[in-house]
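This report concerns only the one structure given below.
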Amino acid sequence: MNTHRIAVIAGDGIGPEVVEAALEVLAAAGSTYGFSADLQRTPAGAQHYLRTGELWTAELEENLRTHDAILFGAMGDPAVEPGVLERGFILAMRQAFRQAVNLRPVKLYPGVATPIVGLTSERCDLVILRENTEGAYVGRGSTVHAGTPHAVAVQESINTRAGVERVVDYSFRLAERRRGRLTLVHKKNILIEAGTLWQDTVHDLASRYPAVDVDYVHVDAMCFHLPLTPERFDVVVTDNLFGDIITDLGAVIQGGLGVAASANLNIDGTAPSMFEAIHGSAPDIAGKGWANPTGTVLSTAMCLAHLGERDAALAIEAATVDLLASLPALSGAAMGMSTAEVGHAIAAAVRKGGSFARIPGQSVIEDLAEMASSTPRGTSRRTAVSEGGP
Ligand code: IPM
Ligand code: MG
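Residue numbers (numbering that gives the first Met the number 0): 0 to 389.
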């Protein structure tokens, strides 16, 4: 029986509730599909920081590096100045573990309510791949004359050819497995330095993937096209900040932040990947049982797919989709079930096993399982891969 070593970082706000629900589903999947999860609960987040002053430490990094994957809840708390935990922990992890690809499916599952009138699930089935370690997120810049009327703020965006190539190449590989369409989203008419580097990279790699059609859309136009004609898109690749913004829009279209899942992938095998819902810690509703845990549950499914547990991952996705279709509302008191009850219901369905209809359209779960199997997994691989580049 396979054992997967998974570090669990529940974090703040609704993080612990949604993670508990996801862990119940994970346990059900393990007993039904024959694997075990060796869980290490890792204290981190606002309370831990206020008590110890610690964010991302060298010891924690060393410890987490020995795990096969990381399941993450949410981080952020009104008691801590905004950005401290987000930059000091989440971004630190993405960079330290070279989680270079942030994969965010935008799939409207059958039966899930969308605010876009007339949108159907067949028309909304895409994946956004966000570069996850560079761009404006590197935290480079400075302010002179701070706090005076002459303040000058410089905020840099760093784009390396190697970093861009890494996510673009992965995007081509994914597009090749799907409907064969890759769209670069940028603002190359204005951000000409970065935009040229991104466009040249896509252009140069395109010859290696003749079966993939390449397209380009400005990020502002994307905010128009994505809600109205999502069928135009299959795989979308973009930079860190644009990706942050358009994936929230994508989340709305597919039923809200409660449902949207993500994978922060280390694709060179040098460190664990991290899986988290797209939503934040939502401290205003923490402890009420109002949070929808399905974003975290679907992120757990992606985690299992990445670890090679394809059937378990597909079962979790299918059970989640069935449950979602039965909810009268996708979050809050009107959801009709508490966070924990949603977890119990999905876990119970997974335990029954084997009887799920295939979800129509493209399967990111299958793609992740296949793409992960083309590179070795596990801690041994991490030491075997030589360090090259950022
Ligand atoms: C996300 C979040 C994060 C980001 C924050 C919490 C640092 O918004 O994962 O999209 O900006 O990347
Ligand atoms: Mg975001």
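Even for Gly, the Cβ is constructed at its ideal location relative to N, Cα and C. As the structure is a prediction and not an experimental result, all values here were calculated from the model.
Taking a cut-off of 8 Å for Cβ pairs, the stretch 228-235 and the stretch 42-54 do not touch, as fewer than three such pairs fall below it. In this structure, residue 348 keeps its C-beta atom at 9 Å or more from the C-beta atom of residue 295. Residue 323 places its beta carbon less than 9 Å from that of residue 111. At a cut-off of 8 Å, the beta-carbon of residue 203 does not count as near ligand 2: no heavy atom of the ligand is closer than that. Taken from the Cβ of residue 90, at least one heavy atom of ligand 1 lies inside 8 Å. Judged by DSSP secondary structure, residue 38 falls within the beta strand (DSSP E) whose first and last residues are 34-40.
Contact between the stretch 73-92 and the stretch 323-337 is not established, with fewer than three Cβ pairs separated by less than 8 Å. With a threshold of 16 other beta carbon atoms within 10 Å, residue 368 meets it and is buried.
Exposed is the label assigned to residue 209, since fewer than 16 other Cβ atoms lie within 10 Å of its Cβ.
Under DSSP, residue 161 takes part in no beta bridge, so it has no partner. If you look at residue 71, you'll find it in the beta strand (DSSP E) that goes 68-73. In this structure, the CA atom of residue 60 is about 24 Å from the CA atom of residue 304. For residue 27, the closest C-alpha among the options 372, 366, 342 and 359 is that of 342.
Rounded to whole angstroms, the separation of the alpha carbons of residue 306 and residue 214 is 32 Å. Excluding five sequence positions before and after residue 12, the CB atoms of its chain that fall closer than 6 Å to its own CB belong to 73, 280, 281, 282 and 285, given in chain order. When the alpha-carbon of residue 121 is set against those of 358, 371, 373 and 176, the nearest one is in 358.
Taking residue 174 as the centre and dropping the five residues before and after it, the same chain places the C-beta of 180, 181, 208, 211, 233 and 234 closer than 8 Å to its C-beta, in chain order. Ranking 167, 140, 223 and 221 by CA distance to the CA of residue 201 puts 167 first. Ranking 129, 351 and 94 by CA distance to the CA of residue 170 puts 129 first. Cα atoms of residue 319 and residue 20: separation of roughly 12 Å, rounded to the nearest angstrom. Between the stretch 261-272 and the stretch 28-41 there are fewer than three inter-stretch CB-CB distances shorter than 8 Å, so the stretches are not counted as touching.
Residues of the same chain with a CB within less than 6 Å of the CB of residue 25, apart from the 5 flanking positions on each side, are 36 and 299 in chain order.
Within the stretch 205-234, the complete beta strand (DSSP E) segments at least 3 residues long are 212-217, listed from N- to C-terminus. Of the heavy atoms belonging to ligand 2, at least one sits nearer than 8 Å to the Cβ of residue 246. Judged by beta-carbon spacing, residue 291 lies beyond the 9 Å limit of residue 335, meaning their Cβ atoms are not closer than that value. By alpha-carbon distance to residue 79, the top candidate from 46, 58 and 96 is 46. In this structure, the straight-line span from the alpha carbon of residue 63 to that of residue 333 is close to 38 Å.
Contact annotation: residue 102 and residue 126 have beta-carbon atoms nearer than 9 Å. Rounded to whole angstroms, the Cβ separation of residue 289 and residue 354 is 30 Å, and the two are not in contact under 8 Å. Annotation: the continuous beta strand (DSSP E) that includes residue 124 extends over 124-130.
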